[in-house]
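This report concerns only the one structure given below.
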Amino acid sequence: MPAYLVRLAQIHESFRKAELHALAEVAGVKIEIVKYDDDSPYCIVNLASDAAAEAVASRAMLVQGIYELWGQGTTYDELRAHVKDTTSAKWPTYEHCTFNFRIERYRGVQATPEYTHTTVDSFRFLGFKGKWQFKNPDASFRIFEDHLLDAKEPHHLYLGRWIADSGRDAKNTYDLKKRHYISTTSMDAELALLTANIALAAPGKLFYDPFMGTGGFPIACAHYGAVVTGSDIDGRAIRGTGGSARRGQTGPKNVQMNFEQYGTASQYLGGFASDLTNTPLRLDANTPWLDGIVCDPPYGIREGLKVLGSRELTTPEEKAVHAKNFKADGYIPPKRPYSFTALLDDILAFAVVTLVPGGRLSMWMPTANDEDIELIIPSHPCLELSSVCVQAFNKWSRRLLTYRKRRPSEVNEEELRALEERKRDYEQGTKASDLNDFRRKYFQGFREFEDMKKEFVRMKVGAGIRKEEAVEEAELLEETHMSAKAKVEAAKQQIGIAAKAEETAVAQAEELNERFKVESSG
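Under my numbering, the first residue of the sequence shown is numbered 70, with each subsequent residue one higher.
This is the structure we're talking about:
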């Protein structure tokens, strides 16, 4: 297969390969990644044709453009030699076409006009006789220079013929700053579109978000042609409230308003108030009906994770009250604390029953940079984990987990029986932090970090450092990503050395004092 150069966006690096594979599957083409590095925006892939390359790149969020690879090398001499050896048969095709050349540098200063002219002129051997055209030429060629930091000469060079740009501009269209109706937990537009891509959202497919909030994921899936629906335990997020969503806007603010803003209202089936653990949706493994599930379940940090139900067993009288009033205006159903890990298992169980074979579940789950806060990736015999993408923050991180629904012939029956026989060991806690290990450790980790900084300051002051200087150095712990524990140990060692020196000095003084007494008595 022909080789193509993919110019990637240097952001969300762990998502890039997963998106390329997903978009190739959506387009129905085979892709082979030949060369890839998280530290470089240049990736070489094998694809069947220019049409396949355009199909993959056209809706990608982490791709800037795709090019037919004409050559590569570590120097311009190597690059030109490679171009002559591998592409000479293609030159006659573009002999009389309009064309242009551009130079793009990564981690290098912008090329001067003189440098550009000299460099482009060195490719005169291609024999192009057509007219140079800056805009919309028949063929556009790009020279890529990959520089190391502070290096004058390029580390690697590529020459490619432009095939297609990407769909990355969609992130500007769906920017949350321009969206009519959002909340504090609305997913970033770029990540929502990226999630939709990895989940294979496409025309003719039905997607569902069980924690839709203001509709970020369904909106992203609808952008790629999918029919969408969603639910949330808090129906107010879906229905919205009266009044305008933003200053200067009129009319109600709700999820429907967002779909109308983007012209995809016809693809929105509506949303409903529902708890996934007690879902009203049909759960019949013999009749799966969803092509994809995309969601960002609540982590239970701002407030404890809850599901419908009562914390204590209700009396017959209480049950009668709920049965009588549950349809009344203003009725608020009772809720009880719930385990986050149990919720993740519930999502997988729901996906197993509702996804068609080959369907995708893409869900976000938190993890942390500290191994003490690590959460195990949930699994199910009927679901294959196809990709794990990580978004890192300062003190914690989160993963985008994507599963593929296995076909019946692919399921390991022994693992399935073991899962069915295994009973869940529910914790007996009744508080949010008792049931949500991540929530407890999330805050516990921050408190421990603050305690370590205080201990660090105390140790430094004890070693004779001015308190102001010690506090300033402690504040730099986060910025420099240094281990607070290591800092504390270093301070302890410093104090230990000072203490030993003090002990030695005292011992020497006592020895001299004893000698003075002896000499005086003599």
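Cβ atoms here follow ideal geometry from the backbone N, Cα and C, with glycine treated the same way.
Own chain, CB closer than 8 Å to D415, minus 5 neighbours either side, in chain order: Numbered from its first residue, the sequence shown carries residue 415 at position 346. The answer, listed in chain order, is L345 and T346.
E483 Cβ short of 8 Å to the ligand COA heavy atom set: No copy of the ligand COA occurs in the structure displayed, which carries no ligand at all.
CB of F210 within 9 Å of CB of F170, strictly: Mapped onto the sequence shown, residue 210 falls at position 141. Mapped onto the sequence shown, residue 170 falls at position 101. Taking a C-beta distance under 9 Å as the contact criterion, F210 and F170 qualify as a contact pair.
According to DSSP, residues forming a beta bridge with R25: Lying before the first or after the last residue shown, residue 25 is absent from the chain, which here runs from 70 to 591.
Three-pair Cβ contact test at 8 Å for the segment 450-469 versus the segment 243-255: Touching, no, given that fewer than three Cβ pairs across the two stretches are closer than 8 Å.
Helix, strand or coil at A271 according to DSSP, with G and I counted as helix: Position 202 of the sequence shown, counted from the first residue, corresponds to residue 271. Here A271 sits in coil by DSSP.
Closest Cα partner of L228 within the set I102, T143, G361 and L424: Walking along the sequence shown from the start, residue 228 turns up at place 159. Answer by Cα proximity: T143.
Reduced DSSP category for D257 - H, G, I as helix; E, B as strand; rest coil: Along the sequence shown, one-based indexing puts residue 257 at 188. In the three-state DSSP reduction, D257 falls in the coil class, being neither helix nor strand.
I135 versus F192 - alpha carbon distance: Within the sequence shown, residue 135 is the residue found at index 66, counting from 1. Within the sequence shown, residue 192 is the residue found at index 123, counting from 1. Looking at the two C-alpha atoms, the distance is approximately 21 Å.
Neighbourhood of A126 by C-beta distance below 6 Å, restricted to the same chain and skipping five residues each side: Start at 1 with the first residue of the sequence shown, and residue 126 comes out as number 57. Residues of the same chain with a CB within less than 6 Å of the CB of A126, apart from the 5 flanking positions on each side, are V132, I135, A233 and S235 in chain order.
Check whether Y175 and S255 have beta carbons under 9 Å apart: Position 106 of the sequence shown, counting from 1, holds the residue named residue 175. Position 186 of the sequence shown, counting from 1, holds the residue named residue 255. Cβ distance not < 9 Å, so Y175 and S255 don't count as in contact.
Buried/exposed call for D278, threshold 16 Cβ in 10 Å: To locate residue 278, count along the sequence shown from 1; it is residue 209. The residue is buried, with at least 16 neighbouring Cβ atoms inside 10 Å.
Three-way DSSP call (helix, strand, coil) for L116 in this model: Counting from one through the sequence shown, the residue named residue 116 turns up at place 47. Here L116 sits in coil by DSSP.
CB-CB length for V111 against L148, believed under 8 Å: For the purposes of this step, residue 111 is taken as the residue at position 42 of the sequence shown. For the purposes of this step, residue 148 is taken as the residue at position 79 of the sequence shown. Reading off the sequence shown, one finds Tyr at residue 111, where the question assumed Val. No, Y111 and L148 are not in contact; Cβ-Cβ is about 13 Å, not under 8 Å.
Reduced DSSP secondary structure (H/G/I, E/B, other) of G290: Here residue 290 is taken as the residue at index 221 of the sequence shown, counted from 1. The sequence as given places Cys at residue 290; Gly does not occur at that position. Helix at C290.
L262 and A239 closer than 9 Å at C-beta: For the purposes of this step, residue 262 is taken as residue 193 along the sequence shown, with counting starting at 1. For the purposes of this step, residue 239 is taken as residue 170 along the sequence shown, with counting starting at 1. Yes; because the gap between Cβ atoms is below 9 Å, this pair is in contact.
Runs of alpha helix (DSSP H) wholly within the segment 157-211 (minimum 4 residues, chain order): If we require 4 residues or more, the alpha helix (DSSP H) runs fully inside the segment 157-211 come out as 182-190.
Reduced DSSP category for I251 - H, G, I as helix; E, B as strand; rest coil: In the sequence shown, counting from the first residue as 1, residue 251 sits at position 182. Three-state DSSP puts I251 in coil, outside helix and strand.
Proximity of M130 and N266 at Cβ, strictly below 9 Å: Residue 130 sits at position 61 when you count from the first residue of the sequence shown. Residue 266 sits at position 197 when you count from the first residue of the sequence shown. Against a cut-off of 9 Å, the Cβ pair of N266 and M130 comes out as a contact.
Whether L470 touches V457 by CB criterion (9 Å): Translated into the one-based positions of the sequence shown, residue 470 becomes position 401. Translated into the one-based positions of the sequence shown, residue 457 becomes position 388. Taking a C-beta distance under 9 Å as the contact criterion, L470 and V457 qualify as a contact pair.
Span separating the alpha-carbon of P357 from that of Q460: Within the sequence shown, the letter at position 288 stands for residue 357. Within the sequence shown, the letter at position 391 stands for residue 460. Rounded to whole angstroms, the gap between the alpha carbons of P357 and Q460 is 31 Å.
Range covered by the beta strand (DSSP E) that runs through F341: Start at 1 with the first residue of the sequence shown, and residue 341 comes out as number 272. Unbroken beta strand (DSSP E) run through F341: Y337 to A342.
Exposure label - S252; buried when at least 16 CB within 10 Å: Walking along the sequence shown from the start, residue 252 turns up at place 183. So S252 counts as exposed.
6 Å CB neighbourhood of L338 in its chain, flanking five on each side removed: As a position in the sequence shown, residue 338 is number 269, starting the count at 1. These residues qualify, in order along the chain: T298.
Terminal residues of the alpha helix (DSSP H) in which H90 lies: Here residue 90 refers to the residue found at position 21 of the sequence shown. Element bounds for H90: E82 to A96.
Contacting residues, own chain, Cβ-Cβ under 6 Å from D79 (five flanking each side not counted): As a working note, residue 79 is residue 10 in the sequence shown. Per the sequence shown, the amino acid found at residue 79 is Gln instead of Asp. If you ignore the 5 residues before and after Q79, its C-beta comes within less than 6 Å of the C-beta of P110, all in its own chain and listed in chain order.
Cβ neighbour criterion (16 or more within 10 Å) applied to Q179: Position 110 of the sequence shown, counted from the first residue, corresponds to residue 179. Q179 is exposed by the Cβ-count criterion.
Where V363 falls, given that 16 or more other Cβ within 10 Å makes a residue buried: Along the sequence shown, one-based indexing puts residue 363 at 294. With 16 or more other Cβ atoms within 10 Å, it is buried.
DSSP state of E490 mapped onto helix, strand, coil: Here residue 490 refers to the residue found at position 421 of the sequence shown. E490: helix per DSSP, three-state reduction.
Cβ-based neighbour list, G285, same chain, cut-off 7 Å, excluding 5 preceding and 5 following: Locating residue 285 in the sequence shown gives position 216, counting from the first residue. Contacts found: S255, M256 and A261.
Selection from E137, R128 and Y105 that minimises the alpha carbon distance to L116: As a position in the sequence shown, residue 116 is number 47, starting the count at 1. Here the closest residue by C-alpha is E137.
Integer Cβ distance of L86 from A93, believed to fall under 8 Å: Translated into the one-based positions of the sequence shown, residue 86 becomes position 17. Translated into the one-based positions of the sequence shown, residue 93 becomes position 24. Position check: residue 86 holds Lys in this sequence, whereas Leu was assumed. Between A93 and K86 the Cβ distance is about 11 Å, and since that is not below 8 Å, they are no contact.
Reference D107, options R128, R476 and R76, closest by Cα: Here residue 107 is taken as the residue at index 38 of the sequence shown, counted from 1. Selected option, being the one with the closest Cα: R76.
Separation of A258 from S83, as counted between CA atoms: Translated into the one-based positions of the sequence shown, residue 83 becomes position 14. Translated into the one-based positions of the sequence shown, residue 258 becomes position 189. If you draw a straight line from the Cα of S83 to the Cα of A258, it is about 18 Å long.
Delimiting residues of the beta strand (DSSP E) encompassing T47: Since the first residue shown for the chain is 70 and the last is 591, residue 47 is missing from the structure and cannot be characterised.
DSSP beta-bridge partners of A265: On the sequence shown, position 196 is the one that residue 265 refers to. Its beta-bridge partners do not exist; DSSP assigns none.
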